[in-house]
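Contents: one structure, followed by commentary.
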Amino acid sequence: MPCRHCGRRESAVAATVVAVAAGVLSEPFNRFINHKTIRCPMKKIIWLVIGLFLGLSFSAASALELDASKKLEALKAPRAEQVPAFVPGEVLIKFRSDAKTASTDSLKKEMGLTAKKDIHAIGATLVTLNKGEDVQSAVDRLRNDPRIEYVEPNYYMKPSVVPNDPLFNQQWGLQNTGQTVNHVTGKPGADIQATDAWLLTPGSDAIIIAVIDTGVDMGHPDIRPNLWVNTGELAGAASLDDWQANGLDDDGNGYKDDIVGWDFNFNTNNPIDFRDGHGTHVAGIAAAKGSNTAGVTGVSWNSRIMPLAVQEYYTGGLPISAVANALVYAEVNGAHVINLSLGTYYNSITLQNAIHFVRRAVIICAAGNDGSDNDIRPLYPASYSQSNLIAVAATDANDELAFFSNYGLNSVDVAAPGVNILSTISRHVFPGGYAVLSGTSMATPMVSGLAALLFSFDRSLTATQVVSIITSKVDELPSLSGRMVSGGRINALKALQWLDGDDGNDSSGCFIRSIVTVP
Numbered sequence: 001m002p003c004r005h006c007g008r009r010e011s012a013v014a015a016t017v018v019a020v021a022a023g024v025l026s027e028p029f030n031r032f033i034n035h036k037t038i039r040c041p042m043k044k045i046i047w048l049v050i051g052l053f054l055g056l057s058f059s060a061a062s063a064l065e066l067d068a069s070k071k072l073e074a075l076k077a078p079r080a081e082q083v084p085a086f087v088p089g090e091v092l093i094k095f096r097s098d099a100k101t102a103s104t105d106s107l108k109k110e111m112g113l114t115a116k117k118d119i120h121a122i123g124a125t126l127v128t129l130n131k132g133e134d135v136q137s138a139v140d141r142l143r144n145d146p147r148i149e150y151v152e153p154n155y156y157m158k159p160s161v162v163p164n165d166p167l168f169n170q171q172w173g174l175q176n177t178g179q180t181v182n183h184v185t186g187k188p189g190a191d192i193q194a195t196d197a198w199l200l201t202p203g204s205d206a207i208i209i210a211v212i213d214t215g216v217d218m219g220h221p222d223i224r225p226n227l228w229v230n231t232g233e234l235a236g237a238a239s240l241d242d243w244q245a246n247g248l249d250d251d252g253n254g255y256k257d258d259i260v261g262w263d264f265n266f267n268t269n270n271p272i273d274f275r276d277g278h279g280t281h282v283a284g285i286a287a288a289k290g291s292n293t294a295g296v297t298g299v300s301w302n303s304r305i306m307p308l309a310v311q312e313y314y315t316g317g318l319p320i321s322a323v324a325n326a327l328v329y330a331e332v333n334g335a336h337v338i339n340l341s342l343g344t345y346y347n348s349i350t351l352q353n354a355i356h357f358v359r360r361a362v363i364i365c366a367a368g369n370d371g372s373d374n375d376i377r378p379l380y381p382a383s384y385s386q387s388n389l390i391a392v393a394a395t396d397a398n399d400e401l402a403f404f405s406n407y408g409l410n411s412v413d414v415a416a417p418g419v420n421i422l423s424t425i426s427r428h429v430f431p432g433g434y435a436v437l438s439g440t441s442m443a444t445p446m447v448s449g450l451a452a453l454l455f456s457f458d459r460s461l462t463a464t465q466v467v468s469i470i471t472s473k474v475d476e477l478p479s480l481s482g483r484m485v486s487g488g489r490i491n492a493l494k495a496l497q498w499l500d501g502d503d504g505n506d507s508s509g510c511f512i513r514s515i516v517t518v519p
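Numbering-wise, our numbering puts 188 at position 188 of the sequence shown, and it's gapless, one number per residue.
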């Protein structure tokens, strides 16, 4: 059947898609991603039909090989000083208009004050107190002086860390104000408290999140700034923009010209998201560039996205062989976090061994979208018991377990927002570049982004420590009680506050043989 947009037959369009996906990144990077974009929208957009079921299940390793309370106490550093409400040793003061200017210096001296900075436009002065004088005592002492109009502490203001991305107000999982998204009105506060967490860190570009998925739209304006670059393959180029392939394995990792990642099905250095857009959506949730005046923001604004494509085009399946290779690649090439929004009910030894190979990185897995109990019917790799692995269920905008989400008192660790999630989408699928999808696939990168924030805040953390913090510092919810290990939804602020020494108490799809599918 011919495409109503370009007149080509579907088979021709499919051939074009495969040709682009199988292509090798050989031209200058920007030219490649700009010239080899598929413009024809004729596709079997099955993900629109199964949108509510996108994102596989991973019932995580609930066995953390530790007693949670003892482990967390062992990790916890001495409590840091709390940020004070005001600057010590300083007050702001304004003299009454009838106090002569010529006498203000003498007045200050008489009152035991030293001028530090005048704010001429409003007639106020920042002054320092006598050494050792308490701010509140000074305010009480000066307040009743008839020559003073007012005196007050030099209060700290709390910055409003809300990104300037124009679609942020639709990202209820990061900040839920009760807004309506996709015709569903949320419950204020049913979110991961990302805006407050960003006060502590918005994420570091030194932290790498490997997205093992359908690939990533590497030229997307919200993805391109955070794209991981394998510096070992630059071969003298100043940056990715200047890089050209030389057909060599410059860094000796077994992959030629793997400048931004790898496609483990086509065996090329071009991990493009050419079929569903699923991988791009996942990547954007975790680490779309934040506060760049474009589109959306990820949980971790600046962390690097390592795209590792594992999807076959014609079947849409994700072969375990490809997934296993991608896991090894991610671990060997320095990923701190590995996102696996996929799964299978087949307990593959190959997959299990690949999961066990990963020790340094945190593995975040989706719990699945069949509404079933993973304790009874395990989904893999989420159900593997490993101390650096987290299995993630999905919640909606009212803090209820999503109707499609798998669960498991012993096999699923935490939940995260996963219904009506706005994120980036492959422009090869939707030219607009943004879409709302649902699934435990969407909840999983929320947790991956949080893991990246924790690593950003403290580079010395181990993967097991990150798992312990994320799974213990949650918002416990009645809807999740008895249905997962933590009984709660992740809370980025609580996790980072604990790490900062502040507890926050002050003021699924069909599976064919060994193919993992994206439900």
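Each residue gets a CB set at the ideal place from its N, CA and C atoms; glycine is no exception. Nothing here was measured: the structure is a model prediction, and the numbers come from that model.
- Rounded to whole angstroms, I285 and T114 show a C-alpha spacing of 51 Å.
- Excluding sequence positions up to five before and after A361, its CB lies within less than 8 Å of the CB of A210, A330, E331, A335, H336, V337, I338, N388 and A463, all in the same chain and listed in chain order.
- In the DSSP assignment, N339 forms a beta bridge with V211 and I364.
- Pairing D273 with T231, the inter-Cα distance amounts to about 22 Å.
- In the DSSP assignment, F86 falls within the unbroken beta strand (DSSP E) covering F86 to F95.
- In this structure, D373 lies near Y407, with their beta-carbon atoms less than 8 Å apart.
- Note on the stretch 161–201: there is no whole beta strand (DSSP E) run with a minimum of 3 residues.
- Separation of the CB atoms of G295 and D205 is rounded to 19 Å, and the pair is thereby denied contact status at 8 Å.
- Assignment of beta-bridge partners to I390 by DSSP yields I364.
- Note on geometry: alpha-carbon atoms of A354 and S321 lie some 10 Å from one another.
- Sequence-distant Cβ neighbours of V127 in its own chain, meaning closer than 8 Å and more than five residues away, are E90, V91, L92, I93, K108, L113, T114, A115 and K116.
- Contact between the stretch 441–461 and the stretch 310–319 is absent: fewer than 3 CB-CB pairs across the two stretches fall below 8 Å.
- When secondary structure is reduced to three states using DSSP, G449 falls in the helix class.
- In this structure, DSSP gives P153 an extended state, which the three-state scheme calls strand.
- M442 carries a helical assignment under DSSP once its states are collapsed to helix, strand and coil.
- For A237, the secondary structure class from DSSP, reduced to helix, strand or coil, is coil.
- Of the candidates G482, G487 and S481, G487 places its Cα closest to the Cα of I470.
- Within the same chain, and ignoring the five residues on either side of W498 in sequence, the residues whose Cβ sits closer than 7 Å to its Cβ are I469 and K473.
- A direct Cα-Cα distance of roughly 28 Å separates W301 from T268.
- Shortest Cα-Cα distance from D196 to any of A492, S479 and G501 involves A492.
- When C-beta atoms of the stretch 477–486 are compared with those of the stretch 375–382, fewer than three pairs fall below 8 Å, so the two segments do not count as touching.
- With a cut-off of 8 Å on Cβ pairs, the stretch 251–262 is not in contact with the stretch 182–193, counting fewer than three such pairs.
- Residue environment: R489 is assigned as buried (16 or more neighbouring CB atoms within 10 Å of its CB, all protein chains considered).
- About 19 Å separates the Cβ atoms of T440 and N347, ruling out a contact at the 8 Å cut-off.
- Counting along the chain, the unbroken alpha helix (DSSP H) around Y329 starts and ends at I320 to V332.
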